[in-house]
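>
Residue numbers (the numbering used here): 1280 to 1734.
Below, the structure is given as structure tokens:
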């Protein structure tokens, strides 16, 4: 049995089959005009006041490298659904369009384009599946992580979630999104190597169990890692803390461990008891790190009870964005052959034309977004930047630390109500400009007249 992975050689096939059938029809009908597609989130999840846009780097790499291998063309031929002339055109496929996008780490709201693609129709159509997949894959965890980091009130947050993430692609890319959103490090060694994210970890209960006694386990581990954080809850948490104190007495000036980790039980009570015991033993410098089914709600509750935690290891709930496990992403045609296009489907109406987002601020705080036409010049900061021209990047990729710094600035600029874990009331205002609103209304009238005439 072979294990297959998505890589540059086969990423073009990571698409829905109907993209290819549409491309065959576009080819047959000569539909190769310039198109504009917007990638956006229709509605925010019920428990989200904002999203943190992420994943652009994955998208741009794909667009620069996407092509069909000879094996892919042969597979299409075996399906007996496509013409030879069309398959020949696919063998020469390259993305040659332009891309506009908000920088990674930018706060966005419902219906605001995260990515806008301007390219010949077949090219822009084919890439739909991959772009939606990668933007959701990164934006969803970045948005969750931003809430976790805010709830931690400046205390350390480390990603412990790789073993609970939905597959290896998520396992690699979510730690990057977490770091952009403010998480301090990851337990994932491969993500640490590839993205230069600080790696962190303590020890597992199995290490303690493998030794004859808990105290002996502590002795052995600090022999290799003198500045370790020791896991104290394998058998009895308070007894585990007393064993740390006993180890401190044994080692004297050679005692250099930096903290303890709690991973079960009444975390607030145990943290307070741990602090009391450690302080009484002359070890006030030891930090208390906690894990165990944490999310932003649990962290907020723990800190509200004055629990003396110094850091949090957050796993499954952040890794899976458990309370909002998917985004209502959409990728819709907004213009073709120089004419605006829109969709009228009930509760899924799209907006026509090329666009720009203008963010207004007062005293450094965001107050309103206006979604307008790309040709407009409105008050506020325009958020969409040209990041690709003729299939090539317009600038070097931002470093991860640059994205992280940008995200921090974006979150700092939000009104306090949006950073709260409960739904903001009222929600942050996103208004349409007058010209965009007029085009939307006029197109809707034209389409309804056309449908009426058809009937």
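All C-beta atoms, glycine included, are put in the ideal place defined by N, C-alpha and C. Since the model is a prediction, treat every value here as computed from it, not as a measurement.
Return helix, strand or coil for residue 1262, following the three-state DSSP convention.
Only positions 1280 to 1734 of the chain appear in this structure, which leaves residue 1262 out of reach.
> For a test of the three-state rule: what should DSSP assign to residue 1406, helix, strand or coil?
Note: residue 1406 maps to coil in three-state DSSP.
> What residues are listed by DSSP as bridge partners for residue 1647?
The partner list for residue 1647 (beta bridge, DSSP) reads 1639.
> Residue 1464 and residue 1683 - do their beta-carbons sit closer together than 8 Å?
Not in contact: residue 1683 and residue 1464 (Cβ atoms no closer than 8 Å).
> Please specify which runs of the alpha helix (DSSP H), each continuous and at least 4 residues long, are wholly inside the segment 1583-1610, giving them in chain order.
Entirely contained in the segment 1583-1610, the alpha helix (DSSP H) runs reaching 4 residues are, in chain order, 1595-1598.
> Among the residues of its own chain, which have a CB less than 6 Å from the CB of residue 1280, if the five just before and after it don't count?
The predicted model places residue 1280 with a pLDDT of 47, which falls under 50 and marks its position as unreliable, so this point remains unresolved.
> Rounded to the nearest angstrom, what separates residue 1364 and residue 1350 at their Cα positions?
Going from the Cα of residue 1364 to the Cα of residue 1350 covers about 17 Å.
> Please list the terminal residues of the continuous alpha helix (DSSP H) segment that includes residue 1435.
Unbroken run through residue 1435 is the beta strand (DSSP E), 1435-1438; no alpha helix (DSSP H).
> At 3 residues or longer, and completely inside the segment 1313-1400: list those beta strand (DSSP E) runs for me, N to C.
As far as the segment 1313-1400 is concerned, its whole beta strand (DSSP E) runs of at least 3 residues are 1313-1320, 1377-1380 and 1394-1399.
> Check whether the Cβ atoms of residue 1585 and residue 1538 sit closer than 8 Å, and answer yes or no.
Going by C-beta atoms, residue 1585 is not nearer than 8 Å to residue 1538.
> Let me confirm a value: residue 1433 is counted as buried when at least 16 other C-beta atoms fall within 10 Å, else exposed. Which label applies?
Burial call: exposed.
> Please look up how many angstroms separate the CB atoms of residue 1380 and residue 1666, rounded, as I've assumed it's under 8 Å.
About 5 Å; that satisfies the 8 Å criterion.
> Could you give the DSSP three-state label for residue 1465: helix, strand or coil?
Residue 1465: strand per DSSP, three-state reduction.
> Excluding the five sequence neighbours on either side, which residues of its own chain have a C-beta within less than 6 Å of the C-beta of residue 1378, listed in chain order?
Counting only Cβ-Cβ distances below 6 Å, and skipping sequence neighbours, we find 1396, 1666 and 1667.
> Runs of 3 residues minimum, wholly inside the segment 1637-1712: which ones carry the beta strand (DSSP E) assignment?
Segments of the beta strand (DSSP E) lying fully in the segment 1637-1712: 1644-1652, 1664-1668 and 1709-1711.
> Do you know offhand how far residue 1372's Cα is from residue 1622's?
Taking the straight line joining both Cα atoms gives about 28 Å.
> Given a cut-off of 8 Å on the beta-carbon distance, is the pair residue 1493 and residue 1709 in contact?
Their beta carbons are not under 8 Å apart, which means residue 1493 does not touch residue 1709 by this criterion.
> To the nearest angstrom, how far is it from the Cα of residue 1632 to the Cα of residue 1719?
Distance between the alpha carbons of residue 1632 and residue 1719 is about 9 Å.
> Consult DSSP for residue 1441 and reduce its assignment to one of helix, strand or coil.
Here residue 1441 sits in helix by DSSP.
> Using 8 Å for Cβ pairs, my map puts residue 1677 next to residue 1382. What's the rounded Cβ distance?
Confirmed, about 7 Å.
> Which stretch, first to last residue, makes up the alpha helix (DSSP H) that contains residue 1535?
It is not in any alpha helix (DSSP H) - residue 1535 carries neither H nor E in the DSSP assignment.
> Within this structure, are the beta carbons of residue 1541 and residue 1569 separated by less than 8 Å?
The answer is yes: Cβ separation under 8 Å.
> Could you pull the start and end residues of the beta strand (DSSP E) that residue 1569 belongs to?
Start and end: 1566-1569.
> What residue range does the beta strand (DSSP E) around residue 1509 cover?
Start and end: 1508-1510.
> Is it true that the segment 1609-1628 meets the segment 1469-1484, where meeting means three or more beta-carbon pairs spaced less than 8 Å apart?
Segments in contact, no.
> Under the assumption that residue 1599 contacts residue 1445 (Cβ atoms under 8 Å), give the Cβ distance between them as a whole number of angstroms.
Correct: roughly 7 Å between the Cβ atoms.
> Around the C-beta of residue 1467, are 16 or more other C-beta atoms found within 10 angstroms, so that it is buried, or is it exposed?
Residue 1467 is buried by the Cβ-count criterion.
> What is the rounded straight-line gap between the Cα of residue 1286 and the Cα of residue 1340?
Their backbone Cα atoms lie some 11 Å apart in a straight line.
> Check each candidate in 1656, 1673 and 1558 and name the one with the smallest Cα separation from residue 1664.
Measuring from the Cα of residue 1664, the nearest candidate turns out to be 1673.
> Between 1309, 1713, 1347 and 1545, which lies nearest to residue 1651 when the distance is taken from Cα to Cα?
Nearest of 1309, 1713, 1347 and 1545 to residue 1651, Cα basis: 1713.
> Confirm, please, whether the CB-CB distance from residue 1606 to residue 1324 is below 8 Å.
Yes, Cβ-Cβ distance for residue 1324 and residue 1606 is below 8 Å.
> Could you compute how far the alpha carbon of residue 1314 sits from the alpha carbon of residue 1687?
If you take the alpha carbons of residue 1314 and residue 1687, they lie about 34 Å apart.
> Within 10 angstroms of its Cβ, does residue 1358 collect 16 or more other Cβ (buried), or is it exposed?
Exposed, since its Cβ has fewer than 16 Cβ neighbours within 10 Å.
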